[in-house]
Structures are given as structure tokens and as C-alpha cells.
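Undergrad:
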Amino acid sequence: MYMVNGVLTDVFPVSDRGLQYGDGVFETVLMHEGKPVLWREHLERLERGCRTLRIPYAVNDAGLSASIKEVYDRYHRVGAPSVARCVIKIMITRGGGGRGYRPSQNSHPSEIISIHPLPEIPLEIYQSGIAVRSLKASVSQNPTLAGLKHLNRLDQVMASMELGEDEFEGMMHLPNGDLIEGTKSNVLAKINDRWVTPEISGAGVKGVLRQYLLARSINWGLPVEETRLGQAELADLQAMAIMNSVFGIIPVNRFNETELDVHSVLQEVQASVHKEIPFF
285 MYMVNGVLTD VFPVSDRGLQ YGDGVFETVL MHEGKPVLWR EHLERLERGC RTLRIPYAVN
345 DAGLSASIKE VYDRYHRVGA PSVARCVIKI MITRGGGGRG YRPSQNSHPS EIISIHPLPE
405 IPLEIYQSGI AVRSLKASVS QNPTLAGLKH LNRLDQVMAS MELGEDEFEG MMHLPNGDLI
465 EGTKSNVLAK INDRWVTPEI SGAGVKGVLR QYLLARSINW GLPVEETRLG QAELADLQAM
525 AIMNSVFGII PVNRFNETEL DVHSVLQEVQ ASVHKEIPFF
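Count the sequence shown with the numbering used here and you get residues 285 to 564, in order.
1) Helix or strand or just coil, what does DSSP make of E404?
2) For K420, does the three-state DSSP call read helix, strand or coil?
3) In whole angstroms, what separates the C-alpha of E423 from that of R494?
4) So does the segment 479-488 actually touch the segment 508-528, counting three or more Cβ pairs closer than 8 Å?
5) For G290, which residues of its own chain have a beta-carbon under 7 Å away from its beta-carbon, when the five flanking residues on both sides are left out?
6) Nearest to A523 by CA position, among D545, I374 and K559, is which residue?
7) Could you pull out every residue in the same chain whose Cβ sits closer than 6 Å to the Cβ of I372, ignoring the five residues on either side in sequence?
8) Hey, how far is the Cα of G505 from the Cα of K474?
9) Would the beta-carbon of A339 fall within 8 Å of that of I374?
10) Whose C-alpha, out of G347, F452, G308 and Y496, is nearest the C-alpha of I561?
11) Between the Cα of P393 and the Cα atoms of L303, G431 and Q411, which residue gives the shortest distance?
12) Quick one, are the C-beta atoms of F531 and K433 less than 8 Å apart?
13) Taking 8 Å as the limit between beta carbons, can you name the residues of its chain near L550, skipping five residues before and five after?
14) Where does S394 fall in DSSP's three states?
15) Under a three-way DSSP split, which group does Q440 fall into?
16) If you draw a straight line from the C-alpha of R329 to the C-alpha of V489, how long is it?
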């Protein structure tokens with residue numbers, strides 16, 4: 285189910301620059317009992333993305349919330365499965381206009397809202413953890429776009445194609461070997477008894493749960509620092525977790541050939557985050 289510029293429809297112009305060039309940004313929002321989770325953080329990133337790309341879209345909390353409610357209510361009326369928990373995707377594109385890559389001075393942004401069932405996630409992995417490995421596809425470096433959730437996701441597409449059917453996630457690095465993120469998640473690591481997350485300054489996405497954790501972890505007595513995770517740092521890896529705004533915190537029990545401590549993730553991080561946010 286889609287809403288395009290305030291109208292429920294399945295029609296979208298093929299001339300839109302979001303389709304033609306990936307010229308836009310998006311947010312994937314967990315809905316819990318009709319309310320968007322981490323909504324303030326999503327709005328802040330959406331606004332930052334539009335500002336960086338110079339898309340003239342005014343992020344309006346009340347307007348977006350009303351559109352999401354209309355889509356959600358319609359989804360509920362048609363008897364969609366698991367409606368109490370689902371995912372809303374918001375895409376903002378530059379709209380149509382302009383010849384080639386150069387956009388028109390008079391382009392009008394497009395707002396696309398869609399609703400989807402929550403992905404099936406085995407509950408047992410929240411306790412037992414998952415095994416992840418480094419993937420061959422690397423993360424592209426671009427300091428201007430780093431941190432944004434823009435519509436150009438070919439790095440993640442290529443990396444995801446390396447994963448087997450039984451692999452939940454894989455790790456993406458820079459060409460120099462620095463660990464940046466997963467294909468659909470940010471990374472949390474315990475190194476020398478300190479919790480850290482890869483610095484996102486030249487590549488990668490600043491996930492909203494990552495930002496939430498950075499802002500609040502010190503209040504839990506568990507400060508998380510941003511730092512470079514090169515091969516030297518990864519050699520001292522003790523524990524690891526993946527995180528995003530849809531599935532929360534999932535421990536990693538093995539990274540490549542290294543067995544990792546799941547217990548510290550569960551006790552020190554997951555319990556604090558999941559106590560505040562209803563991921564399951």
C-alpha cells in the first residue's frame with residue numbers, strides 16, 4: 285500500500301529523479317501499536333538528509349504523522365497480518381524535472397509512504413546470537429553523503445547478494461580493511477573492556493538506534509565511543525552486536541573465525557535498550 289504526495293495510489297511517475305538517479309533519502313520506521321518508534325530520531329535524520337542533498341522538502345512532524353496514520357488505518361481495515369507491528373517506509377525524492385544529472389531549479393519533491401509486514405526474525409537469535417563474516421563488497425567513501433540514508437544503496441545490494449539463505453547479516457569494510465557496518469545494521473563492539481561503534485565520517489549510515497545509543501548510553505553507566513575499527517583493533521575484539529531501528533540489538537557469537545562473548549551483550553547493552561524500546 286502506497287501514498288504518493290498525500291494520495292493513496294500505486295501509480296508513480298517513471299520520470300521521478302528518485303527512480304532515475306536515486307536522488308533522495310528514505311527512512312524505515314518500526315510501528316508498534318500504531319505509533320512510530322524512534323520517531324524523533326527518524327525525523328532528524330530525514331531533515332538532515334534533505335538539507336545535505338538540497339532537496340526543498342520541509343520535514344513536518346504533524347503532516348507526516350497524519351499521512352502515516354491514514355496509511356496505517358487503511359492497512360488495518362483491509363485485515364493485513366501483524367498490523368500491531370509493521371514497518372513504514374518514507375521516501376523523499378527531488379521529484380521530476382531537469383535534463384540529465386542536473387536538477388531543475390523548479391523541481392517539486394515527492395513524498396512516498398508505504399507500509400509492509402514486519403520481517404520475520406527468529407526470537408532465539410536475541411539470546412543465542414548470530415555468526416557473521418566479512419563480505420567482499422566494500423563500502424564506498426564519500427564524506428558529503430556519509431551518515432545519510434540516501435536512495436543509492438548499491439553497496440548494500442552487492443554485499444547482500446554474497447549472503448547465504450541461512451546468514452542473517454554480514455560485515456562491510458572499507459578497502460583498507462576498516463570495519464564500518466553491516467549490510468542493514470550498525471555495529472557495536474567491545475574491545476579492551478570498552479564499548480565502541482565504528483566512526484561514520486567518510487562512509488556508512490548513521491542509524492537512528494546507533495544515535496539513540498550514543499546519546500543515552502552514558503546514563504546507563506555504559507558509555508559508547510565512536511572510533512576507528514581497523515584490523516589492529518579487531519584483533520582485540522571481545523564481543524559484538526548488530527543493531528538497527530527495526531530489530532533492535534542482536535548479539536554476534538562469532539565474527540569470521542573468532543568466537544565472541546554473548547553474555548556481556550545481553551547483560552550490558554541489550555537489556556538497557558530493549559527496556560526502553562519495544563522491539564519484540
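Using N, Cα and C, we set each Cβ at its ideal position, and we do this for glycine too. This structure is a prediction, so every number in the text was calculated from the model and none was measured.
TA: To lay it out plainly:
1) In the three-state reduction of the DSSP assignment, E404 falls in the coil class, being assigned neither a helical nor a strand state.
2) Coil, per DSSP.
3) Looking at the sequence itself, residue 423 is Val, so the reference to Glu does not match. Looking at the backbone, the Cα of V423 and that of R494 are separated by about 18 Å.
4) Touching, yes.
5) The residues are S351.
6) Closest by alpha carbon: D545.
7) Excluding positions up to five away in sequence, the list reads V313, M315, I352 and I399.
8) So the alpha carbons of these two residues sit roughly 15 Å apart.
9) Going by the sequence as given, residue 339 is Ile instead of Ala. Annotated as distal: I339 and I374, with beta-carbon spacing of 8 Å or more.
10) Minimum Cα distance to I561 is reached at Y496.
11) The residue from L303, G431 and Q411 with its alpha-carbon nearest to that of P393 is L303.
12) Taking 8 Å as the Cβ cut-off, F531 and K433 do not qualify as a contacting pair.
13) Taken in chain order, the residues that qualify are Q411 and P535.
14) Note: S394 maps to strand in three-state DSSP.
15) Three-state DSSP puts Q440 in a helix.
16) Cα to Cα, R329 sits roughly 10 Å from V489.
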